[in-house]
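Accompanying notes for the structure given below.
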Amino acid sequence: MPVLKMDEVFELPQPKLVQHAVMEAIEQAMWSEKLKLGSHLVETDLAGLLGVSRGSVREALRQLELRGLVRYEPHRGFFVMKWGPRELEEVCSLRAHLEGFSARLAAERISDAGLARLEDIIEQMHIAARADDFVRFVQTDADFHSAVARSAEHSLLVQQIELFSPHLRMFIALSKTYRVVYPDLSAIADTHLPLVEALRSRDPLEAERVMTKHIRDVGEAFAKSLK
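The sequence shown: position 38 = 44 (the numbering used here), numbered continuously.
Here it is, written out as structure tokens:
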């Protein structure tokens, strides 16, 4: 019996690993504000800086485009997404529906451990607020919404919610609009408490109402700050 070489049977994963590493590097540059909203992402420059092929950079940028973090303009290339009131309203309105539904399901399915996890995340928000660690606060806020979605025990819904999570998170971190709209980070952390109470009460309709209102209020506040 002939001996098959593994590289003759399976496609080697290195290119995807490189692509993922490039995506992480670009996202990190966004978070650290080395890349600003609207920055031009020149493929050849990125390839040289990161020591990878231009093809790997292009594929990474396409994936970031699908996630809503960059945009492509014909004959010009890729740019870090720069949002206006309309784009913000579109994402927030969709998230309000998705996360409202997830909260309704979570009220019926969340465990006591899940509730404790949400309370712990809110405490982590307060810790980040006291340390004035803005990036950590935004990440922890995203962790809270992800934990609620996972408590709904609906895998497809979780995928859709987490697909849109980076949009608003990156916008908030880069624009600094959070500081204008909500100068007191601890107060933002406390806005999540009514949802925990609705979930603890096992009230699906109230949980949905609270989550939907929370997302819409945030979206409307940010949209006004952009006008």
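Even for Gly, the Cβ is constructed at its ideal location relative to N, Cα and C.
Output needed for Thr50: all residues of its chain with C-beta closer than 8 angstroms, excluding positions within five of it in sequence on either side, in chain order.
Arg60
Once you ignore the five residues that flank Glu39 on each side, which residues in its own chain have a CB closer than 6 angstroms to its CB?
none
To the nearest whole angstrom, what separates the beta carbons of Leu124 and Val48, a pair I think is in contact under 8 angstroms?
Leu124 to Val48, Cβ: 42 angstroms. No contact.
For Arg73, name the three-state secondary structure that DSSP assigns.
coil
Looking only at its chain, what residues have a beta carbon closer than 6 angstroms to the beta carbon of Ser45, apart from the 5 residues adjacent to it on each side?
Val86
Would you give the residue range spanned by the beta strand (DSSP E) that Gly83 belongs to?
Gly83 to Val86
Assuming Ser234 contacts His160 under a Cβ cut-off of 8 angstroms, what Cβ separation, rounded to an integer in Å, is found between them?
Within the shown structure, residues of the chain are numbered from 7 to 233, placing residue 234 beyond reach of any answer.
Decide if the stretch 217-226 is in contact with the stretch 94-101; the criterion is three or more beta carbon pairs, one per stretch, under 8 angstroms apart.
yes
Whether Ile133 touches His198 by CB criterion (7 angstroms)
no
What are the boundary residues of the alpha helix (DSSP H) that Glu159 is part of?
Element bounds for Glu159: n/a, residue is neither H nor E.
Considering only C-alpha positions, which residue in the set Ser171, Leu205 and Pro210 is nearest to Ile221?
Ser171
Given a threshold of 16 other Cβ atoms within 10 Å of its Cβ, counted over all protein chains shown, does Glu105 qualify as buried or as exposed?
buried
Between Leu205 and Ala113, what straight-line distance do the alpha-carbon atoms span, to the nearest angstrom?
5 angstroms
Residues in the same chain with beta-carbon distance under 6 angstroms from Arg115, minus the five sequence neighbours each way, listed in chain order, please.
Glu159
So Ala137 is in the alpha helix (DSSP H); what residue range does that whole segment cover?
Here Ala137 belongs to no alpha helix (DSSP H), and DSSP marks it neither H nor E.
Measure how close the beta-carbons of Leu56 and Val76 come, nearest whole angstrom, since I'm counting them as under 8 angstroms.
15 angstroms between Cβ atoms; not a contact.
Unbroken alpha helix (DSSP H) run spanning Leu191, endpoints
Leu191 to Asp196
Which residues share a DSSP beta bridge with Tyr78?
Phe84
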